[in-house]
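>
Numbering (this note's numbering), first residue to last: 330 to 555.
1. Report the CB separation of residue 553 from residue 474 in whole angstroms; it is logged as a contact under 8 Å.
2. Could you name the residues that DSSP lists as bridge partners for residue 440?
3. Out of 417, 494, 486 and 455, point me to the one whose CA is closest to residue 468's CA.
4. Flag this pair as touching only if the stretch 373-393 and the stretch 455-470 have three or more C-beta atom pairs under 8 Å; answer yes or no.
5. Starting from residue 378 and walking both ways along the beta strand (DSSP E), at which residues does that stretch end?
6. Mind checking whether residue 506 and residue 404 have CB atoms under 8 Å apart?
7. With DSSP collapsed to three states, give me the class of residue 531.
8. At the level of alpha carbons, what is the spacing between residue 385 and residue 461?
9. Identify every residue that forms a DSSP beta bridge with residue 536.
10. Run the CB neighbour count on residue 423, radius 10 Å, all protein chains shown included, and call it buried at 16 or more, exposed below.
11. Give the straight-line distance between the Cα atoms of residue 392 and residue 435, rounded to the nearest whole angstrom.
12. Does the stretch 353-367 touch the stretch 413-422, meaning 3 or more C-beta pairs lie closer than 8 Å?
13. Buried or exposed for residue 453, please, with buried defined as at least 16 other CB atoms from any protein chain shown within 10 angstroms of its CB.
14. Chain B beta carbons: is any one of them nearer than 8 Å to that of residue 496?
15. Report the rounded CA-to-CA distance for residue 524 versus residue 517, giving the unit in angstroms.
16. How about residue 513 and residue 537: are their beta carbons less than 8 Å apart?
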């Protein structure tokens, strides 16, 4: 049986060989060691959980787009002051990769069973291949706000929700409106009506924050014109 330390050393060494030259840095502290790539306008990252029962959980890629998350941080949410957001290891997430399928044997919320060296090599190679292929495509596509807006519209047209691409609970709706406004979306007002129908149908603690967001959005200047 491989120890947790042995698993971490193998995974981190293999990933560092590829990711460190690209500018990623590794934060080992805590229960969720993370690889982070900071850019001028965005932060790309992913994390692991090495479980006591032997599994390794992998988050897949996430992107924090600064212009969006600065507004989210300003608005806040019920019972959360974001004091844990240090912008070193912990960030507010804008989009996450919810499409790429994990390998057979990976269980959501649990991870991939890694009991042997063969298991460890397989899962590490899967992650490396993901980062080079589907993961890289995810970064290239969803670092660009108009592409996120396009995906949001596709989801609604299919009867699905923005939460399949945008991070958060109710605040995924906040992100959607911010992105819509930044893109000078012709359907921005329709999206306001859509989100109104969700929040005002069942009033709850989120409404004061939603009202604050709508007021803030009045002063947000578009940076794209889609």
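Ideal placement from N, C-alpha and C gives every residue a C-beta, glycine not left out.
According to the data block:
1. Stepping through the chain shown from its first residue, residue 553 is reached at position 224. Stepping through the chain shown from its first residue, residue 474 is reached at position 145. The Cβ separation is near 6 Å, so the contact holds.
2. Here residue 440 is taken as the residue at index 111 of the chain shown, counted from 1. DSSP output for residue 440 lists 436 as bridge partner(s).
3. For the purposes of this step, residue 468 is identified with residue 139 of the chain shown, where counting begins at 1. Nearest option by C-alpha distance: 494.
4. yes
5. Working through the chain shown from its first residue, we reach residue 378 at position 49. Counting along the chain, the beta strand (DSSP E) containing residue 378 begins and ends at 371-379.
6. To locate residue 506, count along the chain shown from 1; it is residue 177. To locate residue 404, count along the chain shown from 1; it is residue 75. Going by C-beta atoms, residue 506 is not nearer than 8 Å to residue 404.
7. Residue numbering aside, residue 531 sits at position 202 when the chain shown is read from its first letter. Coil.
8. As a working note, residue 385 is residue 56 in the chain shown. As a working note, residue 461 is residue 132 in the chain shown. Going by the C-alpha atoms only, they are around 20 Å apart.
9. Here residue 536 is taken as the residue at index 207 of the chain shown, counted from 1. Answer by DSSP bridge pairing: none, since residue 536 is not bridged.
10. Here the question's residue 423 lines up with position 94 in the chain shown. Buried.
11. Within the chain shown, residue 392 is the residue found at index 63, counting from 1. Within the chain shown, residue 435 is the residue found at index 106, counting from 1. The alpha-carbon atoms of residue 392 and residue 435 are separated by roughly 23 Å.
12. yes
13. Counting from one through the chain shown, the residue named residue 453 turns up at place 124. Per the 10 Å Cβ criterion, buried.
14. No chain B appears in this structure, which consists of one protein chain only.
15. The residue given as residue 524 occupies position 195 in the chain shown. The residue given as residue 517 occupies position 188 in the chain shown. Straight-line Cα distance between these residues: approximately 11 Å.
16. Against the chain shown, residue 513 aligns to sequence position 184. Against the chain shown, residue 537 aligns to sequence position 208. Not in contact: residue 513 and residue 537 (Cβ atoms no closer than 8 Å).
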